[in-house]
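Asker: Submitted below is the structure of interest, expressed as structure tokens.
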Amino acid sequence: DNSIVVLENIHRFREEGYCHRDSIVMGVDQVIWPVFSSTLTTLAAFLPLLLLEGIMGQFLGVFPIVVSLALLGSWIQSMVVLPNNVFQFAHKEPKKEDRSTKLIQPLIAYYQRGIKHALKHRKITIWGTVALLLVSFGILASGAIQFEFFPTTPSQTIRLQVQTPIGSTIEETGKIVSRVEEFIRTMPQKDDVTYVVSNVGAMGGDTQRSFVSNAAQINIDLVDLKEMKYSHEQIQNALRAFCEDLPGLYSYRFSQGRSGPPVGDDVDIRIKGPSLERLAYISDIIKGYLRDIPGVTDIDDSYDAGKREVRILPDHDKLAIYGLSVAQIAGTIRMASTGSEVSQYRGDGVDEFPLILKMQDIYTQDIENLKDLKIRTRMGELIAIRELADFEIASSISRIEHRDGDRLLQVTASVSTYEEDGKNKRRAPSEVQNILAGRRFGDNEGLLANFSQRFPGYTYEFGGVQEEQRKSYSSLGRLFVLALLLIYTILASQFRSYVQPVVVMLSIPFAFIGVIFGLLITGLPFSLNTLISVVALAGVVVNNAIILIDFINQERDKGVDRWHAIIQSGSVRLRPIILTTTTTVAGMLPLVFSTDPSSQAWRPLAVSFTFGLLFAAMLTLFIIPVIYSMVDSFFGKLGLTRFKEHKKFTEVMECKTIED
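Numbering (my numbering), first residue to last: 1 to 660.
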């Protein structure tokens, strides 16, 4: 954009009849400081992103660095390299017939008529734009645009984690896995599967893997995205339908690698309280709510029932009668189950091998056999342990999570597409939160309304994607304010005014109109990428306004009246604004219209930036001059010399065209 602004200004001086050398010097000199200020404002918008907190700050940390270096290089190129290239290689003599001039003249004529109309009806123009801004906020608040923290592209590996009932052997779990593998080989989507790798007795990733006999992990590798005939969700739905009716399967869950930052589960509800049993009861209620929400899948919780264990409860009165102790019962059970070293054996070598005396496993795996074990009393009588103790089978909790001093239980789920009114829709994590907790603005109280009254002493909060979203949005809001302060400081230094920077910066909120309508038209979600594009627009959309206001100020310094200065400066800036906007939009269009699954994560950013920039271009050409004139009129009424009109407005409006 910097190069276009400089080159167009050089070209304009050539059209006015200046010589080759003078047009270059004058063209660069006239825009050197406005272009420098516009570059600084863009830097001021991007550099605060270095302070973005959370995982998103780590993920996007390189983004502002690359953009800032590119902007600085662009400014150096436009001010040093470009003028030299123009001097060396451009035509020394101006062309007699310039096609670009012929094309732009009709547009200038239309623009002059349009800006005159806007200046005649300034209140209607301003209030109409404000109304559009309010409508865009209403569209966002109504839910017409979904919220998604960070759009991601799924990887080509689907991980299916299955569990059989607690106490199942590896062989029993392996049989379930074999049935799942057999279904994968015969399902309609089998052509999209390259190979399947299963780990029986293992769960979790490579860094956090646990080994249990009743669990298994099935990794399903898919063909390339472009070659797939079915979507990832269609493959997962087929597996879900099979697993739901699979006998012997206790639970299953899908996990899939995605592009982008690791932000956790789509839905993550953290319940805190003193009693683990009560937490499990509450989690069952919440899981029931989630099952009733279309588009919510893979519902699970962190409650770990643990392994089955045999608990032996001694009868101390009977032990006292027979003169026995608890240690004797424990020793007998230990001898039978795990054994005891009775001697050592040394073979031909020097190594010693322990000799362990124990019962065969087939006798200790049955609780009835344990009950029949005999203990010798002091009188030499053998008595069965069942006469001395009670036996019960229970589950041992192997893990209890805590947070802020309270016990914690997490309910997690994933979101997917669902059918409604004959259309496929994708459930957003924010929608699930609204259904459960209610909307912040609205009458919907949510399914978990009055949670503290229903479950005194227990609280819940949303983690996972929602937690990272809160951190990132809060941090981004503070950084946006910082960016605005930096932009205002730069503009105040450029214009030597406290008022004109405000006029320029009013283009920032109005550019939001284009962002919202762009997302509405394309059906894309409002995500963190969208907010990043808004922050970027804050620096970009003011660039044209800076140069336009600077041109108006230069005309006013020459003694030109307000209205001629506004219309003439707008006419002069029309061509570079069209060129810079067109080139930027053209660079974004491939991503805006891309159907490649790998690029979908960045489409909201491209769409937001493109539509916001297009609306900002119109804003610069029409709304900024109107705001400038209204501010100028206000200070003129206060009697300030600089802001007094030199000609009546009606005299300017009666002219059909504005000439130099």
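Backbone N, C-alpha and C define an ideal beta-carbon position, used for all residues, glycine too.
Grab the span of the alpha helix (DSSP H) containing Q247 for me, first residue to last.
Answerer: The question names Gln, but residue 247 in the sequence shown is Pro. No alpha helix (DSSP H) contains P247, which DSSP labels as neither H nor E.
Asker: Consult DSSP for N544 and reduce its assignment to one of helix, strand or coil.
Answerer: In this structure, N544 counts as helix in the three-state DSSP scheme.
Asker: Please identify the residue among A492, V504, A538 and P501 whose C-alpha is closest to the C-alpha of G514.
Answerer: A538
Asker: Can you find the residues in the same chain that come closer than 7 angstroms, C-beta to C-beta, to N2, ignoring five residues on each side of it along the sequence?
Answerer: V35, T39, S74, W75 and S78
Asker: The alpha helix (DSSP H) spanning Q410 covers which residue range?
Answerer: Element bounds for Q410: not the alpha helix (DSSP H) but the beta strand (DSSP E), D406 to V415.
Asker: Using a 10 Å radius around the Cβ and a threshold of 16 neighbouring Cβ atoms, would you call L313 buried or exposed?
Answerer: exposed
Asker: Looking at the strands, I want to know which residues DSSP matches up with L374.
Answerer: Correcting the residue type first, residue 374 is Lys in the shown sequence and not Leu. K374 pairs with A384.
Asker: Out of A565, I549 and I547, state which residue places its alpha-carbon closest to the alpha-carbon of E555.
Answerer: A565
Asker: What is the DSSP secondary structure of I10, counted as helix, strand or coil?
Answerer: helix
Asker: Ignore the nearest five residues each way along the sequence and tell me which others in D660's own chain have a CB closer than 6 angstroms to its CB.
Answerer: Because D660 sits at a pLDDT of 39, beneath the cut-off of 50, its placement in the model cannot be relied upon, and the following sentence gives the value as read from the coordinates. The answer is none, since no qualifying residue turns up.
Asker: Of all the CB atoms in chain D, is at least one closer than 9 angstroms to the CB of L491?
Answerer: In summary, chain D is missing from the structure at hand, where a single protein chain is found.
Asker: Count the other CB atoms, across all protein chains shown, that sit within 10 Å of the CB of Y110; report buried if there are 16 or more and exposed otherwise.
Answerer: exposed
Asker: Going by DSSP, what residue range makes up the beta strand (DSSP E) through Q433?
Answerer: Unbroken run through Q433 is the alpha helix (DSSP H), P429 to A437; no beta strand (DSSP E).
Asker: Helix, strand or coil, according to DSSP, for G201 in the structure here?
Answerer: G201 falls in the strand class under three-state DSSP.
Asker: Run through the DSSP bridge pairs and tell me what S340 is partnered with.
Answerer: Paired residues: L357.
Asker: Where do the ends of the beta strand (DSSP E) carrying H121 lie?
Answerer: Where H121 is concerned, there is no enclosing beta strand (DSSP E), given that its DSSP letter is neither H nor E.
Asker: For R403, which residues from the same chain have a beta carbon less than 8 angstroms from its beta carbon, with the 5 sequence-adjacent residues on both sides left out?
Answerer: R270 and K272
Asker: Determine the extent of the beta strand (DSSP E) in which V267 is found, giving its start and end residues.
Answerer: V267 to G273
Asker: Quick check on P294: buried or exposed, where buried means 16 or more other Cβ atoms within 10 Å of its Cβ?
Answerer: By the 10 Å Cβ count, P294 comes out exposed.
Asker: Tell me whether Q161 sits in a helix, a strand or coil according to DSSP, three-state version.
Answerer: strand
Asker: With a Cβ-Cβ cutoff of 9 angstroms, do P65 and L52 count as a contact?
Answerer: The amino acid occupying residue 65 in the given sequence is Ile; Pro does not appear at that position. Going by C-beta atoms, I65 is not nearer than 9 angstroms to L52.
Asker: Round the Cβ separation of I104 and R562 to the nearest angstrom and send it over; I've been treating them as touching at under 8 angstroms.
Answerer: Contact flag wrong, Cβ pair sits at about 24 angstroms.
Asker: By a C-beta neighbour count over all protein chains shown, 10 Å radius and 16 as the cutoff for buried, is I393 buried or exposed?
Answerer: exposed
Asker: Can you have a look at K656 and say buried or exposed, based on whether 16 or more other CB atoms are within 10 angstroms of its CB?
Answerer: Its pLDDT being 47, under 50, K656 is placed unreliably by the model, and the measurement read from it follows with that caveat. Taking all protein chains shown into account, K656 has fewer than 16 neighbouring C-beta atoms within 10 Å of its C-beta and is therefore exposed.
Asker: To the nearest angstrom, how far is it from the Cα of I407 to the Cα of F451?
Answerer: Contrary to the premise, residue 407 reads as Arg rather than Ile in this sequence. Taking the straight line joining both Cα atoms gives about 17 angstroms.
Asker: Note down the Cα distance separating I220 from Q58, rounded to an integer number of angstroms.
Answerer: Going from the Cα of I220 to the Cα of Q58 covers about 30 angstroms.
Asker: With 16 other CB atoms within 10 Å as the buried threshold, where does D22 fall?
Answerer: exposed
Asker: Among N237, I32 and P604, whose alpha-carbon lies nearest the alpha-carbon of V296?
Answerer: N237
Asker: Going by DSSP in three states, T582 sits in which element: helix, strand or coil?
Answerer: helix
Asker: Could you say which of F87, L72, V499 and E420 lies nearest to L7 if we only look at CA atoms?
Answerer: F87
Asker: Quick check on E695: does DSSP put it in helix, strand or coil?
Answerer: Beyond the ends of the chain as shown, which are 1 and 660, falls residue 695; an answer cannot be given.
Asker: CA-CA distance, L225 and A606?
Answerer: 22 angstroms
Asker: So, with DSSP's three-state summary, where would you put S136?
Answerer: helix
Asker: Return yes when the Cβ of V5 is within less than 9 angstroms of the Cβ of T580, no when it is not.
Answerer: yes
Asker: Could you pull out every residue in the same chain whose Cβ sits closer than 8 angstroms to the Cβ of L222, ignoring the five residues on either side in sequence?
Answerer: A distance below 8 angstroms between beta-carbons, with the five flanking residues on each side excluded, links L222 to the following residues of its chain, in chain order: Q156, T157, I158, D192, V193, T194, M228, H232 and I235.
Asker: On the three-state DSSP scale, how would you describe V465?
Answerer: helix
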